[in-house]
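Position in the sequence shown (first residue = 1) + 568 = our numbering. Beta carbons: idealized from backbone N, C-alpha and C, even for Gly.
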Amino acid sequence: MIDELIKHRRNLHRIPELGFQEFKTSQYIIDNIKDYVDKLEVKAKTGVVGYLNNNSNKTILLRADMDGLPINEENEVEYKSTHSGVMHACGHDAHMAILLTLVKYFFQNRKDLKVNLRYMFQPAEEGLGGAKAMIEEGVLENVDFALAIHVWNELECGKIALNYGPTMASSDSFEIEIIGKGTHAANPELGADPILTATNFINQIYTTFPRIYKNYILTFTYINAGSATNIIPQSCKIMGTVRNFNEETRKNIAIHFEKILKNVCNSNGTTYILKYTFGYPVLINDKKLYELGIEVAENVVGKDNVNNFKSYGSEDMAFVLQRVPGLYAAIGSGPGQPHHSSKFNINENSLNIAFQFLKEMVFKIQNSH
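The structure is reproduced here in structure tokens:
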């Protein structure tokens with residue numbers, strides 16, 4: 569089994585593709601599961617859905633994301649990316665390899681299944697919301713439970729981490745253009761300084777919303793204005809992100825954020841254009857499935873190797889778990905370089921651990937509900 573997992577992972581690692589452009593990846597998946605499913609569909613341009621129907625009134629969905637990142641790989645390995653400037657730097661190659669191997673396993677062991685299985689190979693997780701696109705095209709129709717994992721280099725290989733309730737943060741972003749009145753730097757009284765407004769606004773926001781506080785993080789990541797030392801510019805641009813574990817707090821921050829921006833601009837004689845984008849929602853794990861997951865994880869890696877998992881990272885699997893009770897778990901694949909690094913790689917022993925965990929979760933759900 570481990571040889572097959574590694575083979576798929578390395579084959580896919582060589583051909584990373586960006587979101588909604590995973591055409592080679594999609595074809596690889598189709599070629600490798602077509603003989604092990606009852607039906608195949610393509611959804612959301614490059615996504616693949618496989619169906620294993622066992623005449624049950626219960627359906628479990630297993631999901632793997634497909635896309636790579638716009639990063640030039642620096643690993644010197646024989647399975648290095650062959651697509652210049654694109655890399656599997658977040659483990660999605662591993663996720664697909666695990667699900668491909670599960671598809672074959674469950675077909676070969678179909679006699680032991682009392683549930684229907686649906687396999688969701690999802691494009692465009694990295695910021696483009698491929699899960700939402702597949703949901704809109706019906707991937708969750710008649711699905712009762714959903715499972716997904718993520719290899720996790722911050723967690724030592726041999727460990728599994730789980731959480732119930734809010735597990736991965738929502739991810740929102742903001743872009744602001746503060747519009748003032750340009751003038752000579754020696755005569756600031758003749759203009760309206762957008763840089764002064766911006767710094768006042770940032771200070772006010774950080775005072776109102778401490779940068780790291782309990783269930784959220786608010787961070788300014790970009791500020792740009794001006795072109796010369798003797799000119800107060802016409803405008804200043806600011807960008808940043810807000811991460812949150814509570815949907816109510818998420819909405820309240822957005823409301824107060826603009827109120828503060830408006831007040832600061834008014835007091836400085838400037839105006840603003842704000843684009844505040846609600847991105848991926850909070851990922852919330854089902855408590856009953858978490859409890860089953862703990863039992864399975866302890867069986868797979870031992871009680872001492874089961875950790876708690878909560879991350880300010882975001883995941884569009886959250887859209888699935890808004891609609892279907894499910895579980896999202898972290899599978900230790902470290903130590904190693906961080907995710908989204910040009911030298912990201914995993915301990916491939918994590919592949920079999922993830923395979924065993926998801927396989928046993930299917931049978932545990934089957935026998936418990």
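Quick one, are the C-beta atoms of residue 884 and residue 698 less than 8 Å apart? At the C-beta level, residue 884 and residue 698 come within 8 Å of one another.
Throw me the rounded Cβ distance for the residue 660 and residue 688 pair, which I believe falls under 8 Å. Not confirmed; about 13 Å, so no contact.
Pair within 8 Å by beta-carbon distance, residue 683 and residue 924: Residue 683 is not a Cβ neighbour of residue 924, given a cutoff of 8 Å.
If you compare alpha carbons, which of 612, 613, 606 and 617 is closest to residue 597? The shortest CA-to-CA distance from residue 597 to any of 612, 613, 606 and 617 is the one to 617.
Contact set for residue 591: own chain, Cβ-Cβ below 8 Å, skip 5 residues either direction: Once the five neighbours on either side are set aside, the close Cβ partners of residue 591 are 585 and 614.
Pop quiz: residue 895 and residue 861 are said to be a contact at Cβ under 8 Å. What is the actual Cβ separation, rounded to whole angstroms? Taking 8 Å as the upper bound for CB-CB distance, residue 895 and residue 861 are in contact here, some 5 Å apart.
Who are the Cβ neighbours of residue 777 in its own chain at under 6 Å, not counting the five residues just before and after it? These residues qualify, in order along the chain: 786.
Does the stretch 747-756 come within contact of the stretch 903-912, defined as at least 3 CB pairs closer than 8 Å? These segments do not touch.
Suppose contacts are defined by Cβ-Cβ distances below 8 Å. Is residue 655 in contact with residue 640 by that definition? It is a contact, given that the beta carbons lie within the stated cut-off.
Can you give me the start and stop residues for the beta strand (DSSP E) that residue 691 sits inside? Element bounds for residue 691: n/a, residue is neither H nor E.
Tell me the rounded alpha-carbon separation between residue 583 and residue 594. Residue 583 and residue 594: Cα-Cα distance of roughly 11 Å.
Tell me the residue span of the alpha helix (DSSP H) that contains residue 929. 917-936 is the extent of the alpha helix (DSSP H) around residue 929.
Reduced DSSP secondary structure (H/G/I, E/B, other) of residue 674: Note: residue 674 maps to helix in three-state DSSP.
Taking the continuous alpha helix (DSSP H) assigned at residue 654, which residues delimit it? Residue 654 -> no alpha helix (DSSP H), and no H or E assigned at all.
Are the beta-carbon atoms belonging to residue 711 and residue 629 less than 8 Å from one another? Yes, the Cβ-Cβ distance between residue 711 and residue 629 is below 8 Å.
Could you check what DSSP says for residue 618 in three-state terms: helix, strand or coil? Of the three classes helix, strand and coil, the one that applies to residue 618 here is strand, per DSSP.
Quick one, which of 814, 632, 852 and 921 has its alpha-carbon nearest residue 964's? Residue 964 is absent from the model: the chain starts at 569 and stops at 937.
6 Å Cβ shell around residue 717 - same chain, five flanking residues per side excluded: Annotation for residue 717: 897, 899 and 922 place their beta carbon closer than 6 Å to its own, counting only its chain and skipping 5 residues before and after.
State the beta-bridge partners of residue 977 as determined by DSSP. In this structure the chain extends from 569 to 937, so residue 977 is not present and cannot be described.
Could you have a look at residue 833 and say whether DSSP puts it in helix, strand or coil? In this structure, residue 833 counts as helix in the three-state DSSP scheme.
Using the C-alpha atoms, what's the distance from residue 713 back to residue 857? Across the structure, residue 857 and residue 713 are spaced so that their CA atoms are roughly 9 Å apart.
Can you tell me the Cβ-Cβ gap for residue 886 and residue 844, rounded? I've got them flagged as a contact below 8 Å. The pair is not a contact, with the Cβ atoms about 19 Å apart (cut-off 8 Å).
Have a look at residue 919 and residue 817 and give me their C-alpha separation to the nearest angstrom. Approximately 37 Å between the Cα atoms of the pair.
State yes or no: is the C-beta of residue 726 within less than 8 Å of the C-beta of residue 873? In this structure, residue 873 lies closer than 8 Å to residue 726 by Cβ.
Contacting residues, own chain, Cβ-Cβ under 7 Å from residue 604 (five flanking each side not counted): Excluding positions up to five away in sequence, the list reads 671, 672 and 675.
Pick helix, strand or coil for residue 783, following the three-state DSSP scheme. Of the three classes helix, strand and coil, the one that applies to residue 783 here is coil, per DSSP.
For residue 736 and residue 878, what's the separation of their Cα atoms in angstroms? Their Cα atoms are separated by approximately 6 Å.
Verify whether the separation of the beta carbon atoms of residue 728 and residue 869 is less than 8 Å. For residue 728 and residue 869, yes; Cβs fall inside 8 Å.
When you compare only the Cα positions, how much space is there between residue 811 and residue 715? For residue 811 and residue 715, the distance between alpha carbons rounds to 23 Å.
Please state whether DSSP places residue 718 in a helix, a strand or coil. Note: residue 718 maps to strand in three-state DSSP.
Taking the alpha carbon of residue 658 as the reference point, which residue from 854, 841, 570 and 881 has its own alpha carbon closest? Closest by alpha carbon: 881.
Reduced DSSP category for residue 734 - H, G, I as helix; E, B as strand; rest coil: Assignment of residue 734 by DSSP, reduced to helix, strand and coil, places it in the strand class.
Just mark residue 859 as buried or exposed, buried being the case when its beta carbon has 16 or more other beta carbons within 10 Å. Under this definition residue 859 is an exposed residue.
Is DSSP giving residue 846 helix, strand or coil here? Looking at residue 846 - three-state DSSP - the assignment turns out to be strand.
Limits of the unbroken beta strand (DSSP E) element including residue 809: Where residue 809 is concerned, the enclosing beta strand (DSSP E) stretches over 803-812.
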